[in-house]
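Residue numbers (numbering that gives the first Met the number 0), protein chains in the order written: chain A, 0 to 155; chain B, 0 to 287.
Notes for the one structure printed next.
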Amino acid sequence: MKITTITAAVLFTAGAALAGEVGPKDVVYAEGAIEASLSGAPGDAAAGAKTMTTRSLGNCIACHEVTALKDSPFHGEVGPSLDGTGSRWTEAELRGIVVNAKMTFEGTVMPAFYKVDGFNRAGDGYTGKAAPENFPPVLTAQQVEDVVAFLVTLKD
Amino acid sequence: MTKLKSIRAFAVLAVAGGVAFGGAAQADENAELIVNGEIKLVTKTAAPDHLKDAVDTIYSGWLFRETGTQAMQMDDFVNPGMLDAEAGIELYNAVDGTEGKSCASCHGDIAEGMKGLRAVYPKWNEAAGEVRTMEMQVNDCRETRMGAEPYKYISREMGQIVSAVSLQSRGEPVNVAIDGPVAATWAQGKELYYTRTGILDLSCASCHEENYGNMIRADHLSQGQINGFPVYRLNNAKINQVHDRFKGCVRDTRAETYNPGSSEFIALELYVASRGNGLSVEGVSLRN
Chain A
0 MKITTITAAV
10 LFTAGAALAG
20 EVGPKDVVYA
30 EGAIEASLSG
40 APGDAAAGAK
50 TMTTRSLGNC
60 IACHEVTALK
70 DSPFHGEVGP
80 SLDGTGSRWT
90 EAELRGIVVN
100 AKMTFEGTVM
110 PAFYKVDGFN
120 RAGDGYTGKA
130 APENFPPVLT
140 AQQVEDVVAF
150 LVTLKD
Chain B
0 MTKLKSIRAF
10 AVLAVAGGVA
20 FGGAAQADEN
30 AELIVNGEIK
40 LVTKTAAPDH
50 LKDAVDTIYS
60 GWLFRETGTQ
70 AMQMDDFVNP
80 GMLDAEAGIE
90 LYNAVDGTEG
100 KSCASCHGDI
110 AEGMKGLRAV
120 YPKWNEAAGE
130 VRTMEMQVND
140 CRETRMGAEP
150 YKYISREMGQ
160 IVSAVSLQSR
170 GEPVNVAIDG
180 PVAATWAQGK
190 ELYYTRTGIL
200 DLSCASCHEE
210 NYGNMIRADH
220 LSQGQINGFP
230 VYRLNNAKIN
240 QVHDRFKGCV
250 RDTRAETYNP
260 GSSEFIALEL
270 YVASRGNGLS
280 VEGVSLRN
């Protein structure tokens with residue numbers, strides 16, 4: 000990938016926040032919920048749908064059925080259907096669930112998508128090798144916002 | 000907060016499994032595994048005592064596969080893994096190493112010499128004072144008794160000879176010991192089974208104990224039993240040994256894996272084998 004020197008300098012400290020962004024280590028929860036946008040910008044629901052169905056990104060449909068995403072094949076059933084989730088939870092609660100679901104559902108198997116510490120044997124993607132120092136979270140702040148923007152549209 | 004956990008009972012799953020969009024496996028929970036129309040294998044039975052507080056019934060991975068995949072394992076002429084087992088029998092009978100011996104020189108015909116052994120492995124070796132997997136035992140005989148080079152732990156030859164040896168236990172109930180001198184290793188394996196790994200933070204139990212019967216993406220989750228190993232996988236068109244599969248599953252949690260043959264995987268193999276005590280050794284099974 001070609002990146003400009005300026006962006007490269009910022010990306011180099013992966014995990015550290017971009018300007019205006021809340022870094023994975025600085026997230027503040029209120030009973031599992033996160034009030035403000037992590038990226039400081041609004042999310043894009045269409046991009047969120049893409050993130051949710053992309054295996055290397057959210058891969059949410061590996062565990063959840065989502066009727067609105069049924070054009071993508073193979074929805075799993077490890078977690079509940081996300082149909083109507085936007086009616087069950089507030090935007091802040093949904094953000095908290097995507098960032099680190101364990102703050103809402105104790106002991107859940109749902110992975111944390113915006114977290115960079117506290118892992119046992121963190122790996123480098125799906126290579127089976129050890130993760131580099133300062134590895135990034137599974138999703139970027141903006142990708143989390145995009146996913147949240149999509150989830151709030153899932154009303155009963 | 001509502002408990003949204005999906006259904007675990009197997010009976011309900013046949014129904015639930017069909018709901019997932021597109022690719023749900025149509026596993027038949029009542030299917031019977033009878034190979035060549037005569038060898039009846041136990042694919043579901045009561046859980047061994049040590050597992051009773053976690054699950055009531057243990058199931059072979061075969062039950063979770065689609066009907067077509069299931070059928071391939073029911074006929075030795077159709078199961079491609081049988082070719083590897085045959086190649087393994089040739090290796091067993093072939094002279095190799097400085098001592099000018101084959102396995103058969105000491106153990107006799109494979110059908111006699113290796114009968115029933117796979118069902119009790121991994122197993123304690125008194126002389127060496129260690130828990131041995133079948134792969135370790137094969138290499139020990141090669142090195143110390145034959146003066147031959149050890150096989151790579153995960154390799155074509157090792158997969159073949161272990162397939163040949165396993166086939167001599169087909170139909171026998173898995174019956175690994177978990178107490179006495181192996182107790183500490185077994186406890187280590189149990190610890191590993193329930194320890195979450197990787198950036199996805201999942202343990203073996205997250206998928207194979209809490210969610211067997213559920214679909215995860217296009218895969219129908221089984222209990223992750225190893226009574227069927229070695230398995231011929233249609234996905235990679237080769238024999239897959241136990242530690243190979245473990246490595247893949249740990250890698251899929253986005254973790255740094257353990258190595259095949261490592262003390263961690265030996266302990267985990269003993270523990271996972273013991274979760275299948277009572278299921279039949281399938282010899283060379285077939286999976287997707």
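Cβ coordinates follow ideal geometry from the N, Cα and C atoms, glycine included.
Excluding residues up to 5 positions away in sequence, 152, 153, 242, 243, 246 lie with their Cβ nearer than 7 Å to the Cβ of residue 259 of chain B in the same chain.
Sixteen is the threshold: when 16 or more other Cβ atoms of the shown chains lie within 10 Å of the Cβ of residue 147 of chain A, as they do, the residue is buried. In this structure, residue 111 of chain A lies away from residue 121 of chain A, with their beta-carbon atoms at least 9 Å apart. In the structure shown, the three-state DSSP call for residue 129 of chain B is strand. Taking 9 Å as the cut-off, the Cβ atoms of residue 57 of chain A and residue 153 of chain A do not count as close. Secondary-structure assignment with DSSP links residue 237 of chain B through a beta bridge to B/232. In this structure, the straight-line span from the alpha carbon of residue 228 of chain B to that of residue 162 of chain B is close to 8 Å. For residue 82 of chain B, the closest C-alpha among the options B/121, B/160, B/175 is that of B/160. Shown here, residue 243 of chain B sits in a helix according to DSSP, grouped into three states.
Contacts between residue 62 of chain A and chain B, judged by CB atoms closer than 7 Å, involve 215 in chain order. In its chain, beyond the 5 residues on either side, 145, 146 have a beta carbon closer than 6 Å to the beta carbon of residue 98 of chain B.
Residue 45 of chain B: member of the beta strand (DSSP E) spanning 43-45, first to last residue. Counting along the chain, residue 92 of chain B sits inside the alpha helix (DSSP H) bounded by residues 80-92. For residue 68 of chain B, the enclosing alpha helix (DSSP H) stretches over residues 66-71. For residue 133 of chain A, no chain B residue has a C-beta closer than 7 Å to its own C-beta; the minimum C-beta separation is roughly 13 Å. Residues are counted here when their Cβ sits less than 9 Å from a Cβ of chain A; for the stretch 64-86 of chain B the count is zero. 205, 209, 210, 213, 214, 215, 216, 217: these are the residues of the stretch 203-231 of chain B whose beta carbon lies less than 7 Å from some beta carbon of chain A, given in chain order. Just so you know, the alpha carbons of residue 281 of chain B and residue 169 of chain B end up roughly 5 Å apart.
For residue 270 of chain B, the uninterrupted alpha helix (DSSP H) run begins and ends at 262-274, by DSSP. At a cut-off of 9 Å between beta-carbon atoms, residue 190 of chain B makes no contact with chain A. As the crow flies, the alpha-carbon of residue 190 of chain B is around 12 Å from that of residue 269 of chain B.
Taking the beta carbon of residue 201 of chain B as reference, the chain A residues within 9 Å of it are 108, 110, listed in sequence order. One finds 127 in chain A with Cβ atoms closer than 9 Å to the Cβ of residue 246 of chain B, taken in chain order. Against chain B, a Cβ distance below 9 Å from residue 19 of chain A picks out nothing, because the smallest value is about 25 Å. Runs of the alpha helix (DSSP H) lying entirely within the stretch 121-180 of chain B and spanning at least 4 residues, in chain order: 133-139, 155-166.
Residue 121 of chain B and residue 216 of chain B have their C-alpha atoms some 32 Å from each other. Around the beta-carbon of residue 78 of chain B, 16 or more other beta-carbon atoms lie within 10 Å, marking it buried.
The stretch 43-55 of chain A makes no contact with the stretch 172-190 of chain B: fewer than 3 CB pairs, one atom from each, lie closer than 8 Å.
When B/107, B/109, B/158, B/205 are compared, the shortest CA-CA separation from residue 236 of chain B is found for B/158. In this chain, the alpha helix (DSSP H) harbouring residue 87 of chain A covers 84-87.
With its beta carbon less than 9 Å from one in chain A, residue 249 of chain B belongs to the interface. Between the alpha carbons of residue 194 of chain B and residue 101 of chain B lies a distance of about 42 Å. Under DSSP, the beta-bridge partners assigned to residue 215 of chain B are B/218.
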